[in-house]
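Residues in the sequence shown are numbered consecutively from 33, following my numbering.
Backbone N, C-alpha and C fix where the C-beta goes; we use that ideal spot for every residue, glycine too.
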Amino acid sequence: MSKKEFKAESKRLLEMMINSIYTQREIFLRELISNASDAIDKIYYKALADDSLVFNKEDYFIKVTADKDSRTLTISDTGIGMTQEELENNLGIIANSGSFAFKKDNEAKDGHNIIGQFGVGFYSAFMVAEDVTVISKALGSDQAYKWESQGADGYTIEPAEKDSVGTEITLKIKANTEEENYDEFLEEYRLKSIIKKYSDFIRFPIKMDITGSKPKEGSEGEFEETKEEQTVNSMVPIWRKNKSELTEEDYTNFYNEKRYGFDKPLKHIHISADGAVVYNAILFIPENTPFDYYTKEYEKGLELYSNGVLIMNKCADLLPDYFSFVKGMVDSENLSLNISRELLQHDRQLTLIAKNIKNKIKSQLLSLLKDEREKYETFYKSFGRQLKFGVYNDYGMEKETLQDLLMFYSSKEKKQVTLAEYVERMPEEQKYIYYASGESVERIEKLPQTELVLDKGYEILYFTDDIDEFAIKMIMSYKEKEFKNVSSGDLGIEEDAADKQSEEEQNENKDLFEAMQGILAGKVKAVKASKRLKSHPVCLSTEGELTIEMEKILKAMPNGQEVQADKVLEINVNHDVFKSLKAAADSDKEKLSLYTNLLYNQALLIEGLQVNDPVQFTNDICKIMV
Numbered sequence: 033m034s035k036k037e038f039k040a041e042s043k044r045l046l047e048m049m050i051n052s053i054y055t056q057r058e059i060f061l062r063e064l065i066s067n068a069s070d071a072i073d074k075i076y077y078k079a080l081a082d083d084s085l086v087f088n089k090e091d092y093f094i095k096v097t098a099d100k101d102s103r104t105l106t107i108s109d110t111g112i113g114m115t116q117e118e119l120e121n122n123l124g125i126i127a128n129s130g131s132f133a134f135k136k137d138n139e140a141k142d143g144h145n146i147i148g149q150f151g152v153g154f155y156s157a158f159m160v161a162e163d164v165t166v167i168s169k170a171l172g173s174d175q176a177y178k179w180e181s182q183g184a185d186g187y188t189i190e191p192a193e194k195d196s197v198g199t200e201i202t203l204k205i206k207a208n209t210e211e212e213n214y215d216e217f218l219e220e221y222r223l224k225s226i227i228k229k230y231s232d233f234i235r236f237p238i239k240m241d242i243t244g245s246k247p248k249e250g251s252e253g254e255f256e257e258t259k260e261e262q263t264v265n266s267m268v269p270i271w272r273k274n275k276s277e278l279t280e281e282d283y284t285n286f287y288n289e290k291r292y293g294f295d296k297p298l299k300h301i302h303i304s305a306d307g308a309v310v311y312n313a314i315l316f317i318p319e320n321t322p323f324d325y326y327t328k329e330y331e332k333g334l335e336l337y338s339n340g341v342l343i344m345n346k347c348a349d350l351l352p353d354y355f356s357f358v359k360g361m362v363d364s365e366n367l368s369l370n371i372s373r374e375l376l377q378h379d380r381q382l383t384l385i386a387k388n389i390k391n392k393i394k395s396q397l398l399s400l401l402k403d404e405r406e407k408y409e410t411f412y413k414s415f416g417r418q419l420k421f422g423v424y425n426d427y428g429m430e431k432e433t434l435q436d437l438l439m440f441y442s443s444k445e446k447k448q449v450t451l452a453e454y455v456e457r458m459p460e461e462q463k464y465i466y467y468a469s470g471e472s473v474e475r476i477e478k479l480p481q482t483e484l485v486l487d488k489g490y491e492i493l494y495f496t497d498d499i500d501e502f503a504i505k506m507i508m509s510y511k512e513k514e515f516k517n518v519s520s521g522d523l524g525i526e527e528d529a530a531d532k533q534s535e536e537e538q539n540e541n542k543d544l545f546e547a548m549q550g551i552l553a554g555k556v557k558a559v560k561a562s563k564r565l566k567s568h569p570v571c572l573s574t575e576g577e578l579t580i581e582m583e584k585i586l587k588a589m590p591n592g593q594e595v596q597a598d599k600v601l602e603i604n605v606n607h608d609v610f611k612s613l614k615a616a617a618d619s620d621k622e623k624l625s626l627y628t629n630l631l632y633n634q635a636l637l638i639e640g641l642q643v644n645d646p647v648q649f650t651n652d653i654c655k656i657m658v
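Shown next as structure tokens:
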């Protein structure tokens, strides 16, 4: 028996693969089990074409056996086996896949598919093994053969003894190092957890001898160790069952088993797509926000399977950021996998699946909003902020997708309402969708700027999230109605006699307002008679796109952006305070300065803005009191 060398390119590929292609060593077991499943599938395909070959599913299984004493791990199957030539071609030439060739010649029938395509996964065994031995007996052959290798140096093939058809792969597990614990791949509980994680839905039984105990005969209170063969995988995934045979409890149990969250999902979406791309998916809309959801540590993504084999724990490409709260899985046979199942090609299939999933999620949320309002409000309380971020991001690219899902507190309804509901209630003469921004509903309700709009009988949306106004700026208009902040200089409310009177007052008191603007130089763009104030003496309004609330938010950011809204100090000329202003302007310039600064600081406090000089402000109050 002579040792054969791998081809030079195969040797380099083997070394690279062991060291870098697979990011987790535990993946080797997934790959070997998938290969074993392929081998059984090949017999199934043969049986479809050969009437003399009977396929009884009960006779086919995969067995995983660990032996701590000899440090060996064996994966055996009752599949089709390999001839000497196939061992040479499939294992002697890295990346030459027997499964891929078989798949080309045998189109998938009856829902069965060959998993492996590239023939590289087998070599992941060398990540944990110092020696790999394969004994295989092919279907229809009387002779078995043994393939053995210690890695990149080469391999040997020789005749062997094996009673039954199939393949047995034995790994001599490496000794522990300071960096790596290889003992874990000989531990029963660890092997079982890896199988459950990656191969739970392989459709053939994966068996293990599970350790247990039983009372020792003739000895009271003593127990002896037992070994019982058990099937450790579920085999039939829930997503391949008919929806009609599944209950709400089944979906909730699946959610809990997969540890998608510690809450109870509000809604599930079960997709069985059979069109341009074939895939199954079960998606969940959670009830509660994960503790790390709005942190950098949170990872979005769906579990991704290929024919029941877990490829990725979190495939981020399947979900847009604004739907990152969705949990669940996708299983497809159409995915293009390159050199290992961990590396997913960004191809048309993945893009189609992601687009379809996005539309399904939106449709489900709209249905929840329409038919189960209370549930939607629960969802929105947890994740509405994320939808608003989605509107704001990418310069409003997704506003059409998300705007109908948004909700804001209504001054009229005293609860959360949608933009569509607001527009439906608008009086015919109302030009704009009015909103007011602040820290809370209670604070906004006290804003002087809301008086005129509310007196007109118009509804106001209250923005209490720091992202609200930024998101609305991206939407710009909804159903041809523009948004208007109640603090805007022009509210677009039809002029009446009071408005004309206000303009007259502005002209009559032009000198006074110019004097006040001089006192507040650099702080306000203008001082003018207010058209909006009824009972309050003063308020701030803004000109331009940047509002006072946006200024506060931007200044509070870590980089502390020095932005400034163009503020206008509005004075209620019908308030008693205005009489004092006029009197001071006529007789006492120092008192006019005092009053002007007090009114300006009062307006700042109403807006929740910081007074520039608190000491001077308190001194000014003391002067008034004295």
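Distance between residue j and residue i (C-alpha atoms, nearest Å)
i: residue 284; j: residue 81; result: 41 Å
i: residue 131; j: residue 354; result: Note that residue 131 has pLDDT 47, beneath the 50 cutoff, so the model's placement of it is unreliable and the number below is only indicative. Straight-line Cα distance between these residues: approximately 39 Å.
i: residue 102; j: residue 205; result: 9 Å
i: residue 359; j: residue 307; result: 24 Å
i: residue 501; j: residue 424; result: 9 Å
i: residue 342; j: residue 507; result: 39 Å
i: residue 113; j: residue 176; result: 9 Å
i: residue 636; j: residue 642; result: 7 Å
i: residue 277; j: residue 472; result: 47 Å
i: residue 605; j: residue 332; result: 56 Å
i: residue 78; j: residue 87; result: 9 Å
i: residue 302; j: residue 326; result: 27 Å
i: residue 395; j: residue 168; result: 52 Å
i: residue 493; j: residue 324; result: 29 Å
i: residue 257; j: residue 123; result: 39 Å
i: residue 227; j: residue 118; result: 27 Å
i: residue 365; j: residue 463; result: 53 Å
i: residue 252; j: residue 259; result: 21 Å
i: residue 200; j: residue 238; result: 14 Å
i: residue 36; j: residue 183; result: 12 Å
i: residue 115; j: residue 243; result: 35 Å
i: residue 271; j: residue 314; result: 6 Å
Contact with chain B by residue i, beta-carbon distance below 8 Å
i: residue 66; result: Annotation note: the requested chain B is absent from the structure, which comprises a single protein chain.
Cβ-based neighbour list, residue i, same chain, cut-off 6 Å, excluding 5 preceding and 5 following
i: residue 576; result: 598
i: residue 449; result: 442
i: residue 92; result: 72, 110 and 236
i: residue 551; result: 625 and 628
i: residue 518; result: 466, 468, 481, 482 and 485
Cutoff 7 Å; reference residue i; Cβ partners in own chain excluding five residues on either side
i: residue 203; result: 104, 105, 157, 160, 161 and 164
i: residue 297; result: 284, 287, 316, 317, 318 and 319
i: residue 431; result: 423, 506 and 507
i: residue 218; result: 98, 100, 103, 105 and 205
i: residue 558; result: 549 and 600
Element boundaries [alpha helix (DSSP H), containing residue i]
i: residue 495; result: Premise fails: residue 495 lies in the beta strand (DSSP E), 492 to 495, not in any alpha helix (DSSP H).
i: residue 183; result: Careful: residue 183 lies outside any alpha helix (DSSP H), inside the beta strand (DSSP E) at 176 to 183.
i: residue 61; result: 59 to 81
i: residue 503; result: 500 to 507
i: residue 334; result: Residue 334 -> not in any alpha helix (DSSP H); beta strand (DSSP E) instead, spanning 334 to 338.
i: residue 656; result: 646 to 657
i: residue 265; result: It is not in any alpha helix (DSSP H) - residue 265 carries neither H nor E in the DSSP assignment.
i: residue 288; result: 280 to 289
i: residue 118; result: 116 to 124
Cβ neighbours of residue i in the same chain (closer than 8 Å, five flanking residues each side left out)
i: residue 212; result: 57 and 206
i: residue 335; result: 290, 342, 344, 345, 346, 347, 360, 361 and 362
i: residue 617; result: 543, 544, 547 and 624
i: residue 268; result: 233 and 235
i: residue 653; result: 630
i: residue 560; result: 538, 545, 600, 601, 602 and 603
Limits of the unbroken beta strand (DSSP E) element including residue i
i: residue 450; result: 448 to 450
i: residue 316; result: 310 to 317
i: residue 514; result: 513 to 517
Whole runs of the beta strand (DSSP E) within the region 361 to 444, excluding any shorter than 3 residues | 439 to 442
List in chain order: all unbroken beta strand (DSSP E) runs of 3+ residues lying wholly within the region 192 to 260.
-> 198 to 205 and 238 to 247
Three or more beta-carbon pairs under 8 Å between the region 614 to 631 and the region 468 to 477, yes or no?
-> These segments do not touch.
Does the region 551 to 570 touch the region 471 to 484, meaning 3 or more C-beta pairs lie closer than 8 Å?
-> yes
What are the start and end residues of each continuous alpha helix (DSSP H) run of 4 or more residues lying completely inside the region 541 to 624, in chain order?
-> 542 to 551, 580 to 588 and 608 to 619
Just list the alpha helix (DSSP H) runs in the region 459 to 487, keeping only unbroken ones of 4 residues or longer that don't cross its boundaries, in chain order.
-> 473 to 477 and 483 to 487
Pair every Cβ in the region 231 to 251 with every Cβ in the region 188 to 199, then say whether three or more of these pairs are closer than 8 Å.
-> no
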